[in-house]
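As structure tokens, the structure follows; a few thoughts come after it.
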């Protein structure tokens, strides 16, 4: 199962989201509670523009490991992709207050940029346009 996870990580690095997702599905058939595979499949689903599926993966991962910040960032990304700035703000903010946020400056910077744009816009609804323009895999 670990080998399947590691293979998927390499595929995610090269943006082969569909292949990675299929491999992660196999891993999760073996162990539906494999935390790392859930988080990775959430990332693959975001890459594929399947934000609702990503939310499901990240929420399950968060239930399994409430202390982990990775699902919080992922939920922020997924809600951002869905065009829901209010929920994205909640999860990005929770991510930024975690100890793990210090270990991933590139993710922290992304979350801070989104929150700053949201604050500058003055309204969560106005940020929907910002989200669509900044999200790397916006649903069309």
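Residue numbers (the numbering used here): 1 to 140.
For every residue, glycine included, the Cβ atom is placed at its ideal position computed from N, Cα and C.
Keep in mind it's a predicted model, so treat the numbers as computed, not measured.
Check                                                                                                               : Outcome
Other residues of its chain near residue 42: CB distance less than 6 Å, five sequence neighbours each side excluded : 54, 57, 58 and 74
6 Å Cβ shell around residue 140 - same chain, five flanking residues per side excluded                              : Here residue 140 scores only 31 on pLDDT, less than 50, and its place in the model should not be relied on; the value that follows carries that caveat. Counting only Cβ-Cβ distances below 6 Å, and skipping sequence neighbours, we find nothing.
Which listed residue (10, 70, 39 and 52) has its alpha carbon closest to that of residue 82                         : 52
Pairwise C-alpha distance: residue 110 and residue 137                                                              : Low per-residue confidence applies at residue 137: pLDDT is 45, beneath 50, and the placement is therefore not dependable, though the value from the model is reported in the following sentence. If I take the Cα positions, the gap works out to 15 Å.
Assigned secondary structure, residue 16 (DSSP; H/G/I helix, E/B strand, else coil)                                 : coil
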